[in-house]
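Q: According to our numbering, the sequence shown holds residues 6 to 144 in order.
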Amino acid sequence: MSADSEGDIMNRFRFLLLAAIVSTAIAPSPWIDRAAGQEVALTPLETTEVARGYRAETLKLKPVVNDKNETIGKINDFIFSKEGNVYAVVSVGDFSGISGQQIAVPFRSLKLDNPSSYVVLPGASRAALEKLPVFVNNR
Numbered sequence: 006m007s008a009d010s011e012g013d014i015m016n017r018f019r020f021l022l023l024a025a026i027v028s029t030a031i032a033p034s035p036w037i038d039r040a041a042g043q044e045v046a047l048t049p050l051e052t053t054e055v056a057r058g059y060r061a062e063t064l065k066l067k068p069v070v071n072d073k074n075e076t077i078g079k080i081n082d083f084i085f086s087k088e089g090n091v092y093a094v095v096s097v098g099d100f101s102g103i104s105g106q107q108i109a110v111p112f113r114s115l116k117l118d119n120p121s122s123y124v125v126l127p128g129a130s131r132a133a134l135e136k137l138p139v140f141v142n143n144r
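#1: Based on Cα-Cα distance, which residue from THR76, ARG60, LYS87 lies nearest to GLY128?
#2: State the DSSP-derived secondary structure class of PRO49, mapped to helix, strand or coil.
#3: Note down the Cα distance separating ASP4 from LEU64, rounded to an integer number of angstroms.
#4: Taking 8 Å as the threshold (C-beta atoms), are ILE84 and TYR92 in contact?
#5: To the nearest angstrom, report how far apart GLU88 and SER121 are at their CA atoms.
#6: Report the rounded CA-to-CA distance for TYR123 versus GLN106, giving the unit in angstroms.
#7: Hey, would you say LEU126 sits closer than 8 Å to VAL69, going by beta carbons?
#8: How far does the alpha helix (DSSP H) with ALA133 in it extend, from its first residue to its last?
#9: If you follow the beta strand (DSSP E) that PHE85 is in, where does it begin and where does it stop?
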C-alpha cells in the first residue's frame with residue numbers, strides 16, 4: 006500500500022468520523038428546541054385572573070349549598086388530575102367537613118361568587134349526591 010492510499014483512507018476516516026459527530030450533535034436538536042420553548046409566564050390577563058381567584062385553604066371547609074340555598078355539605082379537599090382537571094371533594098351530610106360521605110365533583114360545576122359567601126353547586130341535592138360513588142383516597 007502506498008503512502009497516498011494510506012493518506013486517502015485516513016482522510017476518509019476523518020471525514021466519516023466528523024460526519025458522525027456532527028449528525029449526533031444535530032439529531033437531538035428538535036427535542037432541545039422543544040424543551041427550551043416551554044417557558045412558563047403569566048400574561049397580564051392571567052395575572053389579573055389569579056389575583057381575583059380563591060386560595061384552596063379559603064375554600065376548604067366552606068359550606069356547599071344548592072341553588073335553593075339548602076346546605077349540602079362542606080368542601081373537604083381538592084384533587085388535581087394529571088390531565089389538568091380539578092375536583093372538589095365534598096363531605097355530604099356532614100357539616101363539620103371532617104366525616105360524612107366524601108364525593109368528588111368537577112370544580113367547574115361550583116359557583117364561587119355567591120353573595121352569601123357559600124359555595125353553590127347548582128341543581129344538586131343532598132339525596133342525589135349521596136347516590137354518587139364515594140371518593141376513596143388511595144394516596
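Every residue gets a Cβ at the ideal spot worked out from N, C-alpha and C, and that includes glycine. The model shown is predicted, which means the values in this text are computed figures rather than measured ones.
A: By the coordinates alone:
#1: On the sequence shown, position 123 is the one that residue 128 refers to. Selected option, being the one with the closest Cα: THR76.
#2: Numbered from 1 along the sequence shown, position 44 holds the residue referred to as residue 49. Three-state result, PRO49: helix.
#3: Here the chain comprises residues numbered 6 to 144, so residue 4 is not present and cannot be evaluated.
#4: As a working note, residue 92 is residue 87 in the sequence shown. As a working note, residue 84 is residue 79 in the sequence shown. Their beta carbons are under 8 Å apart, which means TYR92 touches ILE84 by this criterion.
#5: Position 83 of the sequence shown, counted from the start, is the residue given in the question as residue 88. Position 116 of the sequence shown, counted from the start, is the residue given in the question as residue 121. When rounded, the distance between both Cα atoms is 32 Å.
#6: On the sequence shown, position 118 is the one that residue 123 refers to. On the sequence shown, position 101 is the one that residue 106 refers to. In a straight line, the C-alpha of TYR123 is about 19 Å away from that of GLN106.
#7: The residue you call residue 126 lines up with position 121 of the sequence shown. The residue you call residue 69 lines up with position 64 of the sequence shown. Their beta carbons are under 8 Å apart, which means LEU126 touches VAL69 by this criterion.
#8: For the purposes of this step, residue 133 is taken as the residue at position 128 of the sequence shown. From DSSP, the alpha helix (DSSP H) with ALA133 extends over 131-135.
#9: Start at 1 with the first residue of the sequence shown, and residue 85 comes out as number 80. 76-85 is the span of the beta strand (DSSP E), which, as asked, contains PHE85.
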